[in-house]
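Residue numbers (our numbering): 179 to 228.
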């Protein structure tokens, strides 16, 4: 399984950060050097297979 680490101090709330990082479809736009393509295989309740 691929692991992704990003460390940066920002002035925002946790909900905003969670919203960005839980939106897998935008990883290709946000981090193109690390994620040249993204495909969501399935989503069931609180589990996503990407």
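A virtual CB, placed ideally from N, CA and C, is assigned to each residue, including glycine.
From the DSSP output, in three-state form, read off residue 217 for me.
-> coil
Hey, out of 195, 219 and 224, whose CA is closest to residue 187's CA?
-> 195
Determine the closest residue to residue 214 out of 220, 197, 183 and 203, with distance taken between C-alpha atoms.
-> 203
With DSSP run on the structure shown, which of helix, strand or coil describes residue 194?
-> helix
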